[in-house]
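Going letter by letter, the sequence shown gives residues 1 to 263 in UniProt numbering. Each residue gets a CB set at the ideal place from its N, CA and C atoms; glycine is no exception. What you are looking at is a predicted structure, and each value in this text was computed from that prediction instead of being measured.
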Amino acid sequence: MQARSALFDLYGDHLRPRGGRAAVAALVRLLAPLGIAAPAVRTAVSRMVRQGWLHPLRLPTGPGYGITPKAARRLDAAGARIYRTGNGHGWDGHFDLIMLEPPQHRGARARLVANLGFLGYGSIDGSTWIAPRPGEGVDALLTEAGVRFDRFRAAHVGGTAGTAGLVERAWDLTAIAAAYREFVDRLTPLVASIGPGTSDERAYAVRFTLVHAWRAFLFRDPQLPAELLPENWAGSTAAIFFDRHASRLRPAADRYVDHCLSV
């Protein structure tokens, strides 16, 4: 688990509801059960400050860091998709279609691809992207990336393979479904190991691992409406599994977080 990625999870899942700030010492304590050492935490924090995700501040318990408005928007959007059950979107039959000129620089191009994927867009080719609904802040994202683009509200009205074929070109649903099944198989023994008598620290670490693994699907699964998904979609089964165990382990995890913040 990378320190920077773990910090995003920590701020989004635990610190955002508590004001979005914490002392450096508390950050170190909270990532220690995950095997992340203090130097790695401090290096990741410095990097996130440079990237505009965190800002330094002085807290009663010592120097610390709070989230920026940019980070708050990203964490809130991620949170809504992580705890997705019951937040299903109907589909009006239209796609948000973007035609753009990709950045020439490989690093900039990779960042753009990752960010569009996070917002739920799939690539038809290097210049054409679709999503079943407009991604929040996509215009600002493309403007910040410095690319020329046009957006359209598009409906599929004809073609050999139909809408299902278009979806298959944009997203590998077979691979995504396999990843969901692997997620459940891999995490089942871990969450099953937590029961009565388990320490709050251990429950927190296991829940953190569960959320961290689930968060990876934000960059992979566009969370298509039911009309565009295969029957018996593996993502629905995985979401029920995640919700059940994330909720079950939440009280112990909250107690551990509150303890680390109060020391």
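Item: Rounded distance between the beta-carbons of residue 48 and residue 57, thought under 8 Å; Value: Not really, about 14 Å apart at Cβ, beyond 8 Å.
Item: Cβ-Cβ separation, residue 45 to residue 38 (assumed contact under 8 Å), whole Å; Value: In fact, because the Cβ distance is near 11 Å, the residues do not count as touching under 8 Å.
Item: Rounded separation between residue 139 and residue 189 - CA only; Value: 42 Å
Item: Option nearest residue 97 by Cα separation, candidates 257, 127, 83; Value: 127
Item: C-alpha gap between residue 82 and residue 213, whole angstroms; Value: 11 Å
Item: Cβ pair count under 8 Å reaching 3, the stretch 160-168 against the stretch 199-207; Value: no
Item: Best match in 133, 108, 92 for proximity to residue 119 [C-alpha to C-alpha]; Value: 133
Item: Ordered list of alpha helix (DSSP H) runs contained in the stretch 156-183, each at least 4 residues; Value: 162-170
Item: Delimiting residues of the alpha helix (DSSP H) encompassing residue 131; Value: Element bounds for residue 131: not the alpha helix (DSSP H) but the beta strand (DSSP E), 128-131.
Item: Contact under 8 Å by Cβ, residue 142 with residue 100; Value: yes
Item: N- and C-terminal bounds of the beta strand (DSSP E) containing residue 98; Value: 94-100
Item: Paired residues, beta bridge with residue 123 - DSSP; Value: 129
Item: CB contact flag (residue 169, residue 124, <8 Å); Value: yes
Item: Alpha-carbon to alpha-carbon, residue 260 and residue 24; Value: 11 Å
Item: Environment of residue 222 [buried if 16+ CB atoms lie within 10 Å]; Value: buried
Item: Test item: CB-CB of residue 91 and residue 225 under 8 Å; Value: yes
Item: Sequence ranges, beta strand (DSSP E) only - wholly within the stretch 3-50, length at least 3; Value: 21-23
Item: Distance, residue 235 Cα to residue 78 Cα; Value: 17 Å
Item: Separation of residue 172 from residue 5, as counted between CA atoms; Value: 24 Å
Item: C-beta atoms of residue 184 and residue 237 nearer than 8 Å; Value: yes
Item: Sub-8 Å separation of residue 205 and residue 33 beta-carbons; Value: yes
Item: Separation of residue 136 from residue 74, as counted between CA atoms; Value: 10 Å
Item: Limits of the unbroken beta strand (DSSP E) element including residue 56; Value: 54-59
Item: Where the alpha helix (DSSP H) through residue 69 begins and ends; Value: 69-82
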